[in-house]
Each structure stands twice: as structure tokens, then as C-alpha cells.
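Before any comments, here is the structure.
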Amino acid sequence: MSKFIECVSVGKTYPGKTESVEALRGIDIACDEGDFVCLLGRSGCGKSTLLQIVAGLERASEGQIVVANRELDGPSPDAAIVFQDHGLFPWMTVQRNVEFNMKARGTRAAERAETARRFLEMTGLTGFADRYPHELSGGMRQRVGIARALTTGPKALLMDEPFGALDAQTRSKLQDELLQIWEKQRTTVLFVTHSIDEALLLADRVLVFTPRPGRIAADIKVDLPRPRAPQSPAFMALAAELRGLIGADRDFD
Amino acid sequence: MQLRRALGLLPLALLLVAWQAAVVAKVYPAVLLPSPEKVAMVFVDDWDTVAGHALASIGRVVTGISLAFLFAVPLGLMIGRYRLLDTMTDWSIQIFRSIPPIALIPLALLFLGIGDKPAIALIFLAGTWPLLINTIFGVRNIERTLIKVARAARASELLVMKDIILPAALPAIFTGLRLAVGGGWLTVVTAEMIAVKSGLGYMILNAQLTFRSDLIIAGIIVIGAIGLLADQAVRLVRARVCRWQEGLTAAPE
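Protein sequences appear in the order of chains A and B. If you count by numbering that gives the first Met the number 0, then the first sequence holds residues 0 to 252, one letter each, in order. If you count by numbering that gives the first Met the number 0, then the second sequence holds residues 0 to 252, one letter each, in order.
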């Protein structure tokens, strides 16, 4: 059986007026089902572009992508995305936002409401169903985004710096919650981040990106038991290794 | 709040005082410049005439603007969504919206004769351009992430239109509607002076021929009052329909 998410020599070039920009070159990724994989790198290294490509929202200039045994041609029905700026519809209540992905699939209203209720409960949003997004805090909005992504039972969860805009406490809380959800649902997660700590707290594997053109410099296995302690020597050793790989002096949070 | 609202009456009160002063000072003979009291009496003595003409004007504007709404909003949603349509229509829209509807009165009379038809046609034109341009603008300004969310969810084009494009453009559509109603009201009065034998425009022009300056001024007051009421009505509906926008836009100091 092939890998669950597979990229073979994927490249992306943006044509420009004077010169074209090569955003990604020779990306090879193979993810097993149920893996939690982080794409780590500085901003502008192409990690988000790769996620958009795997999500089917952008086209690769070269290479093949397979998601859930299907060659990618537009967004996969087996994947769901969580965006950094949460992507909630401001004119819909939390309930209707969470129901949207199901509505897009033609799920019946009664079933939508029931499933939404379940995932709102899982993400700690019971009682907020009738609120509008602007009435919620940043952390709660992102919970709604995650709840919406989970409703269709995706085999792959693609997350584009979902906690990037949150304060440290909220971020750490949501990281814990995400791990709990992941352990329950066992979906494959592809998670883009620029935070070394975040990558090490969450991932089974960290793919380290270097920029211009974006490529994968290293594939680091994180074999630490969860919950992970950032103060433990093993964690700190891995963090130091990653820092060296991206060429940063410190965690550039 | 109520008291503050009353501040809006202050300029009108000053105008009334200046008017009365001009009458007392006999700036113009009483035949040309009637006193406020005499004009007020028009609303008692000639109420049926004024109300009848006002209703005729209102009917034309409601018909013309409704037709413009039904035509321009769907068209604007399509143009805003599909680049090809935009390229195709952009120049035409810019050309036609620069033509004042009044300039088309002679043509309207030639093609449609005297009566309701030319007036409604001109109001339709006056309303179409602001509605069309604002609808397109509203669609253009949709957050890109939201469209990505819809694509990733594999939402049908119909659902995208209904649940995303239309509600996102709604505030701009209402801005267009306010402009359209204002423009339509200006147009109806002018059109009635030439093309029809009823309505406030006709009433004013006719009053000039019979030296009824009190009726002229009464007509002008009614035109202004209805203009204000129509604008308030559109704002009220907008506040209802776009309730989700509360708290998203900055309130003036």
C-alpha cells in the first residue's frame, strides 16, 4: 500500500514579469495514516504553499501528490483544512459555520445539527452555537474552525499555522486539546508552524524547510512520549538540533 | 440619545426662522414668497392633491428601483465572481453610468411616449448603475480565505453564491440601494416635469404656471421629506439584515 499522503518531487514556480520565483523544489513526503507531521520553517520558506498544494487549493508546477490513494486533482474529499485566520463566515452563527462543510456535501439538516452539536461539545463550545464569530475570542474562533474541519470525518487534517495568531496561554491550551482530539480521532495531521517548540510538542515527525527555493532539509523523528515537557533534556536536545537546521539563533516566535 | 437625535432638526429650524424673517422683511412680494403658515395650510386645503401626486411619484420609484434591483444585483454577483464577465462588461458599465438619466428623457419619450413607462425606465436606469457597481464591489472585497474554505469544502457554485457571495456582498448592496433610491427619487421629479401628467414633479411645474408658489414650496418639502424617509427605511432594513456586521465596523466618535 502506498503512503497516505505522498508527494513526489513536487515543485512550485510562480511566473513573474521579469523573473519567476521558485517557491518549492523537489519536495518528497511520505506520511503514514494517523501520523502527526509538522512542516517547520521560517516564514517565506514555502511550507504554507506546500500545504495549499496538498489541500488542492493550489496547483503544483511539477511532481505528483497522492492523498488517500487518489492522485490529487482539486481539494480532496478526505481532507479538511484549518486556516490561520480561521476562515469563519462572519454572517453565520457558530452553528451554521460548523455545519458548512457538511452542507457543502449535501448532508441533511437534522444530521448536520446533530453532528455540529457533537463537535461543538468536543471543542468546548457548547452554549456558543448562536453567537457570531466576532463575539468570540481568537482562541474560540479557532476552535470553531477545528470543529468545522472535523465534522466530515476527514482522514487528513491540514492545518496552516492554526495557532499562529493566538497568545501563548491560549495556544498551549489549544495544542493540548488538539492532541486529545487527534488521539481520539486518529486522523493524519499535516501541521504548518514556524515554532520549534510547537513542532516538538505536537509532531511524530518534523519536516524542516529551508527557503529559496523551499525544500526539505531534514526529516526528524520525534520519539518522545506525550505529554512532552519542553524542559526535558531530550526535548531541548532536539530543539537545538532543529534550530541548527533552520539556521536560527533562537526560536523566532 | 433621543435628545441628540433632535439636534438633526436644528438646521431645519434655523432655515424656518430665516424664511419667516425674509417674509416679515418683505424681501419678495407675498405672491412669490409665501409665509411658512400659508405653505402649511396647503397640507390642509390641498391635501388630496399633494398626497395623490406624492403616491404617484412613490409608485414609480418603487417600481423602477425594484426592477433595477432584480436586474443589477444578480448581474453584479456574476460579474464580481467571474473575471471574464468583468472584462467583458467593465467599459460598458463605465460608459453608461456616466450618462445622466435626464439626458435620455428625449429618447425615452420617443420610444415610450408620454406616461408612466418613460419615467419608470429612467428610474430603472438611475438605480441600475449604483446597484450594479456596489454589488460588484461587494463581491470583490470578500476575504480570500472564505472562498478557499468553500473550495476546500467542495461547495457547489450555487451554495457559494447563496451562502457566501451574496451575504458577503449584502452590506455593499445596501449601500448601492441607498444611492439608487436617492438617484431614483431625483430622477422621478425631473422626469415628471416633462414626461408625465402626474407626480410631484408635474405638480410643482404646474403650480408655477398657475402662480401657486405655496404649492411649489409644499411640493419641495414633500420631496425632501420622502427622500429622508426612504433613506431611513433602507438603513433600517440594512441594520436588520446585516446584523452580523455590528461590532465589525468602526463607529464614528
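No residue lacks a Cβ here, since even glycine has one placed at the ideal position from N, Cα and C. The model shown is predicted, which means the values in this text are computed figures rather than measured ones.
The C-beta distance from A/A202 to A/V93 rounds to 29 Å, too long to meet the 8 Å contact threshold. Secondary structure in the stretch 122-203 of chain B: the alpha helix (DSSP H) runs of 4 residues or longer, each lying completely within the stretch, are 143-151 and 165-193 in chain order.
The Cβ of B/L13 sits no closer than 8 Å to any Cβ of chain A. Per DSSP, reduced to three states, the secondary structure at A/S60 is coil, with no helix or strand assignment. Comparing alpha carbon positions, the residue from B/V22, B/A232, B/A194 and B/A229 closest to B/F110 is B/A194. Residue contact with chain A for B/A151: present (Cβ-Cβ distance below 8 Å to some residue of chain A). At a cut-off of 8 Å between beta carbons, A/Y13 makes no contact with chain B.
Using a CB distance cut-off of 8 Å, A/N100 counts as an interface residue toward chain B. Note that the C-beta distance between B/T48 and B/M192 is not below 8 Å. Look at the stretch 102-116 of chain A: the residues with a C-beta under 9 Å from a C-beta of chain B are K102, A103, R104 and G105.
The beta-carbon of B/A171 is placed no less than 8 Å from the nearest beta-carbon of chain A. Interface flag for A/P74 against chain B is set, since a Cβ pair is found closer than 8 Å. Non-local C-beta neighbours of A/K154 in its own chain, meaning closer than 8 Å and more than five positions away in sequence, comprise F3, E32, A67, D77, A78, T186 and T187, ordered along the chain. The Cβ atoms of A/N96 and A/R147 sit closer than 8 Å to each other. Taking CB atoms only, B/L176 has no neighbour in chain A less than 8 Å away. Scanning chain B for C-beta atoms nearer than 7 Å to the C-beta of A/I195 yields nothing, as the closest lies near 26 Å away.
For a cut-off of 8 Å, the C-beta gap from B/D45 to B/L214 is around 7 Å, short enough to register as a contact.
For the 8 Å CB-CB criterion, B/P129 and B/C241 do not form a contact. Going by C-alpha positions, B/V30 is about 42 Å away from B/T174. B/A224 and B/Q231 have their C-alpha atoms some 11 Å from each other. Residues of the stretch 118-146 of chain B with a C-beta atom less than 9 Å from some C-beta of chain A are E142, T144 and L145, listed in chain order.
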